[in-house]
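When we follow the working numbering, the leftmost residue of the sequence shown carries the number 73, and every step to the right adds one. For each residue, glycine too, the CB sits at the ideal point set by N, CA and C.
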Amino acid sequence: MSFKMARVGELKEGNYAIINDEPSQIVQIQKSKPGKHGSAKFRCTAISIFDGRKQSFVSSVDGTVQVPIVDKRSGQIVSMGPSSLQLMDMETYDIKDVALPSDEEIKAKLEAGKEVEYWIIMDRVKIQRVKN
């Protein structure tokens, strides 16, 4: 299981949530007061971690939402191809094939032998930054 359940009312800006089956980071939150015939509403705008798409989510404050478990790791680039690279985990020495990141700033710094910080979220891998 790569997620846990959390109360919607406890989410804050900067937290992660699974919206439309996509792990996303919350960037804006609005909470409305309870009305005469209903409970308080929670509206948030989030940006997908993997493809950068904007998503929105509306729920009652008492509801639950899935929160992805983010596994932050270090790895070393073994080799690079035109659309992917091979990454070796620094703890387990497992080698993974990872797609090149869409961020041009990170992509420009990548080369064989460099150390990177990468995240594993819902069995998907994202290179977050290049070390040194």
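- Looking at the DSSP output, Ile90 bridges to Pro95.
- Asp134 and Ser104 have their C-alpha atoms roughly 13 Å apart.
- Within 10 angstroms of the beta-carbon of Ile199 lie 16 or more other beta-carbons, which makes it buried.
- Note: Ala118 is bridge-paired with Ile98 and Gln127 in the DSSP secondary-structure output.
- Boundaries of the beta strand (DSSP E) harbouring Ile193: Glu187 to Ile193, taken from the DSSP string.
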